[in-house]
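K.L.:
This is the structure I want to talk about, given as C-alpha coordinates.
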Amino acid sequence: MKLVVVSAGLSVPSSTRLLADRLAAAVDRHTPVDAQVVELRELAVEIAHMFTNGFAGKALAAAQDAVAGADGLIVVTPVFSASYSGLFKSFFDVLDKDALAGKPVLIAATGGTARHSLVLDHALRPLFAYLRAVVVPTGVYAASEDWGAQGLAERTERAAGELAALMPLGVRAGEPGILPFAEQLAALQR
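Using my numbering, the first residue of the sequence shown is number 7, and each one after it goes up by one.
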(Lines of atoms letter the chains of each structure in order from A; the text may use other names.)
(Lines give C-alpha, C1' and ligand atoms only; values in the text may rest on other atoms or scores of the structure.)
Protein backbone atom coordinates (compact mmCIF):
# COMPACT_ATOMS: atom_id res chain seq x y z
CA MET A 7 0.00 0.00 0.00
CA LYS A 8 1.10 3.53 -0.72
CA LEU A 9 1.39 5.98 2.15
CA VAL A 10 2.10 9.65 1.50
CA VAL A 11 3.39 11.82 4.35
CA VAL A 12 2.92 15.58 3.97
CA SER A 13 5.25 17.53 6.25
CA ALA A 14 4.96 21.31 6.56
CA GLY A 15 7.98 21.78 8.79
CA LEU A 16 10.10 24.78 7.86
CA SER A 17 13.40 24.17 9.64
CA VAL A 18 16.08 21.53 9.22
CA PRO A 19 15.99 19.53 11.41
CA SER A 20 12.28 19.87 12.05
CA SER A 21 10.20 18.50 14.92
CA THR A 22 7.32 18.39 12.44
CA ARG A 23 9.31 16.08 10.15
CA LEU A 24 10.43 14.01 13.16
CA LEU A 25 6.81 13.44 14.15
CA ALA A 26 5.92 12.63 10.54
CA ASP A 27 8.69 10.03 10.35
CA ARG A 28 7.63 8.45 13.65
CA LEU A 29 4.05 8.20 12.48
CA ALA A 30 5.05 6.65 9.14
CA ALA A 31 7.26 4.09 10.90
CA ALA A 32 4.37 3.22 13.22
CA VAL A 33 1.99 2.68 10.29
CA ASP A 34 4.61 0.45 8.65
CA ARG A 35 4.74 -1.66 11.84
CA HIS A 36 0.99 -2.25 11.51
CA THR A 37 0.96 -2.94 7.77
CA PRO A 38 3.81 -2.78 5.26
CA VAL A 39 3.66 0.46 3.28
CA ASP A 40 5.61 2.16 0.55
CA ALA A 41 6.03 5.60 2.14
CA GLN A 42 6.78 8.80 0.28
CA VAL A 43 7.42 12.09 2.08
CA VAL A 44 6.32 15.40 0.56
CA GLU A 45 8.27 18.26 2.13
CA LEU A 46 6.18 21.39 1.57
CA ARG A 47 9.15 23.63 2.37
CA GLU A 48 10.68 22.47 -0.93
CA LEU A 49 7.47 23.27 -2.86
CA ALA A 50 6.75 26.75 -1.46
CA VAL A 51 7.73 28.66 -4.60
CA GLU A 52 5.83 26.33 -6.93
CA ILE A 53 2.74 26.54 -4.70
CA ALA A 54 2.89 30.36 -4.87
CA HIS A 55 3.35 30.24 -8.66
CA MET A 56 0.31 27.99 -9.02
CA PHE A 57 -1.79 30.59 -7.23
CA THR A 58 -0.61 33.31 -9.59
CA ASN A 59 -0.47 31.45 -12.91
CA GLY A 60 -2.73 28.45 -12.42
CA PHE A 61 -0.13 25.86 -13.41
CA ALA A 62 1.68 23.36 -11.21
CA GLY A 63 5.44 23.11 -11.62
CA LYS A 64 7.01 19.71 -12.10
CA ALA A 65 7.73 18.99 -8.42
CA LEU A 66 4.33 20.26 -7.26
CA ALA A 67 2.52 18.21 -9.92
CA ALA A 68 4.40 15.11 -8.75
CA ALA A 69 3.36 15.82 -5.15
CA GLN A 70 -0.27 16.35 -6.19
CA ASP A 71 -0.23 13.05 -8.10
CA ALA A 72 1.34 11.24 -5.15
CA VAL A 73 -1.35 12.50 -2.77
CA ALA A 74 -4.17 11.64 -5.20
CA GLY A 75 -2.76 8.14 -5.74
CA ALA A 76 -2.10 7.32 -2.10
CA ASP A 77 -3.97 4.69 -0.13
CA GLY A 78 -3.59 6.86 2.97
CA LEU A 79 -2.07 10.13 4.16
CA ILE A 80 -0.28 11.41 7.20
CA VAL A 81 -0.37 15.20 7.38
CA VAL A 82 1.73 17.12 9.89
CA THR A 83 1.94 20.88 10.38
CA PRO A 84 3.59 23.19 12.86
CA VAL A 85 1.16 25.42 14.73
CA PHE A 86 1.25 29.10 13.80
CA SER A 87 -1.17 31.52 15.50
CA ALA A 88 -3.28 28.67 16.89
CA SER A 89 -3.81 27.03 13.50
CA TYR A 90 -2.05 25.18 10.68
CA SER A 91 0.66 27.01 8.77
CA GLY A 92 -0.17 29.03 5.66
CA LEU A 93 2.10 26.80 3.58
CA PHE A 94 0.21 23.72 4.78
CA LYS A 95 -3.17 25.23 3.89
CA SER A 96 -1.89 26.52 0.55
CA PHE A 97 -0.81 23.03 -0.50
CA PHE A 98 -4.26 21.63 0.15
CA ASP A 99 -5.80 24.63 -1.65
CA VAL A 100 -3.98 23.69 -4.88
CA LEU A 101 -5.08 20.04 -4.87
CA ASP A 102 -7.90 18.86 -7.11
CA LYS A 103 -11.20 19.20 -5.24
CA ASP A 104 -11.76 15.42 -5.29
CA ALA A 105 -8.18 14.34 -4.49
CA LEU A 106 -8.94 13.45 -0.86
CA ALA A 107 -12.53 12.20 -1.16
CA GLY A 108 -12.78 8.94 0.77
CA LYS A 109 -9.06 8.89 1.55
CA PRO A 110 -8.01 7.97 5.11
CA VAL A 111 -5.95 10.71 6.74
CA LEU A 112 -4.04 10.84 10.02
CA ILE A 113 -3.76 14.43 11.27
CA ALA A 114 -0.88 15.62 13.42
CA ALA A 115 0.72 18.87 14.57
CA THR A 116 3.68 20.16 16.53
CA GLY A 117 3.95 23.23 18.70
CA GLY A 118 5.89 24.88 21.47
CA THR A 119 3.21 24.43 24.11
CA ALA A 120 0.37 22.03 24.91
CA ARG A 121 -2.03 25.01 24.82
CA HIS A 122 -2.26 24.60 21.04
CA SER A 123 -3.31 20.94 21.05
CA LEU A 124 -6.87 21.87 20.11
CA VAL A 125 -5.57 22.75 16.63
CA LEU A 126 -6.28 19.13 15.72
CA ASP A 127 -10.00 19.39 16.38
CA HIS A 128 -10.59 23.08 15.65
CA ALA A 129 -8.54 23.52 12.47
CA LEU A 130 -7.24 20.28 10.94
CA ARG A 131 -10.27 18.03 11.38
CA PRO A 132 -12.70 20.59 9.82
CA LEU A 133 -10.32 21.20 6.89
CA PHE A 134 -10.11 17.52 6.01
CA ALA A 135 -13.83 16.99 6.59
CA TYR A 136 -14.46 19.73 4.04
CA LEU A 137 -12.11 17.94 1.62
CA ARG A 138 -14.21 14.77 2.21
CA ALA A 139 -11.31 12.78 3.63
CA VAL A 140 -11.87 10.16 6.32
CA VAL A 141 -9.93 11.43 9.33
CA VAL A 142 -8.86 8.74 11.80
CA PRO A 143 -10.27 9.21 15.31
CA THR A 144 -6.91 9.75 17.01
CA GLY A 145 -4.92 12.84 16.08
CA VAL A 146 -1.39 13.33 17.37
CA TYR A 147 -0.14 16.60 18.83
CA ALA A 148 3.43 16.96 20.09
CA ALA A 149 4.43 19.96 22.18
CA SER A 150 8.07 20.58 23.01
CA GLU A 151 7.69 18.85 26.38
CA ASP A 152 6.12 15.74 24.78
CA TRP A 153 9.30 14.49 23.12
CA GLY A 154 10.45 11.53 25.16
CA ALA A 155 7.54 11.92 27.58
CA GLN A 156 5.02 9.25 28.38
CA GLY A 157 1.98 9.26 26.12
CA LEU A 158 3.35 10.39 22.75
CA ALA A 159 4.45 6.89 21.71
CA GLU A 160 1.09 5.43 22.72
CA ARG A 161 -0.87 8.08 20.80
CA THR A 162 1.38 7.54 17.79
CA GLU A 163 0.80 3.78 17.80
CA ARG A 164 -2.96 4.11 18.29
CA ALA A 165 -3.34 6.63 15.44
CA ALA A 166 -1.08 4.56 13.17
CA GLY A 167 -3.16 1.45 13.84
CA GLU A 168 -6.34 3.34 12.96
CA LEU A 169 -4.86 4.57 9.69
CA ALA A 170 -3.49 1.13 8.80
CA ALA A 171 -6.96 -0.37 9.36
CA LEU A 172 -8.63 2.16 7.06
CA MET A 173 -6.09 2.24 4.22
CA PRO A 174 -7.38 -0.89 2.43
CA LEU A 175 -10.90 0.60 2.47
CA GLY A 176 -10.14 4.05 1.07
CA VAL A 177 -10.38 5.11 -2.56
CA ARG A 178 -7.93 6.83 -4.81
CA ALA A 179 -8.91 9.98 -6.65
CA GLY A 180 -10.76 9.13 -9.83
CA GLU A 181 -11.92 5.70 -8.67
CA PRO A 182 -15.67 5.12 -8.69
CA GLY A 183 -17.53 4.95 -5.40
CA ILE A 184 -16.56 5.88 -1.90
CA LEU A 185 -17.14 3.40 0.88
CA PRO A 186 -19.66 4.67 3.39
CA PHE A 187 -18.05 6.18 6.44
CA ALA A 188 -19.73 3.64 8.72
CA GLU A 189 -18.05 0.77 6.83
CA GLN A 190 -14.68 2.45 7.17
CA LEU A 191 -15.14 2.93 10.90
CA ALA A 192 -16.26 -0.70 11.27
CA ALA A 193 -12.80 -1.71 10.09
CA LEU A 194 -11.37 -0.14 13.24
CA GLN A 195 -13.41 -2.57 15.35
CA ARG A 196 -11.86 -5.64 13.71
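We put the beta carbon where it would ideally sit given N, CA and C, even for glycine.
1. Kindly provide the ranges of any alpha helix (DSSP H) runs that are 4 or more residues long and lie completely inside the segment 67-118, ordered along the chain.
2. For A148, which of helix, strand or coil comes out of DSSP?
3. How many Å lie between F134 and P110 at the Cα?
4. Do you know whose CA, among T162, V11 and V142, lies nearest A74's CA?
5. Note the first and the last residue of the continuous alpha helix (DSSP H) segment covering V39.
6. How would you write the range of the alpha helix (DSSP H) that L133 sits in, first residue to last?
7. Would you tell me roughly how many angstroms separate the C-alpha atoms of E45 and H55, rounded to the nearest one?
8. Given a cut-off of 8 Å on the beta-carbon distance, is the pair V39 and M7 in contact?
9. When burial is assigned at 16 or more other CB atoms within 10 Å of the CB, is F61 buried or exposed?
10. How would you call R23, buried or exposed, if buried means at least 16 neighbouring beta carbons within 10 angstroms?
11. Ignore the nearest five residues each way along the sequence and tell me which others in A30's own chain have a CB closer than 8 Å to its CB.
12. Buried or exposed: E151, going by 16 or more other Cβ atoms within 10 Å of its Cβ?
13. Reducing DSSP to helix, strand and coil, say where L9 ends up.
14. Please report the Cβ distance between L106 and L169, rounded to the nearest whole angstrom; I am assuming they are in contact, meaning their Cβ atoms lie under 8 Å.
15. Quick check on this structure: which residue in A171, A114 and D34 has the alpha carbon closest to the alpha carbon of G145?
16. So the candidates are K95, A32, R28 and L172; which of them puts its Cα closest to the Cα of V142?
17. Between the beta-carbon of L93 and the beta-carbon of A14, is there less than 8 Å?
18. I'd like to check one pair, F86 with L137: are the Cβ atoms closer than 8 Å?
19. In the DSSP output, what is V140 paired with across the bridge?
20. Cα-Cα, which of V140, D77 and A26 is closest to T162?
P.N.:
Reading it off the structure:
1. 92-99
2. strand
3. 10 Å
4. V11
5. Segment: none, V39 is in no alpha helix (DSSP H) and carries neither H nor E.
6. R131 to Y136
7. 17 Å
8. yes
9. exposed
10. buried
11. L9, V11, V39, A41, V43 and I80
12. exposed
13. strand
14. So it is not a contact: roughly 14 Å between Cβ atoms.
15. A114
16. L172
17. yes
18. no
19. P110
20. A26
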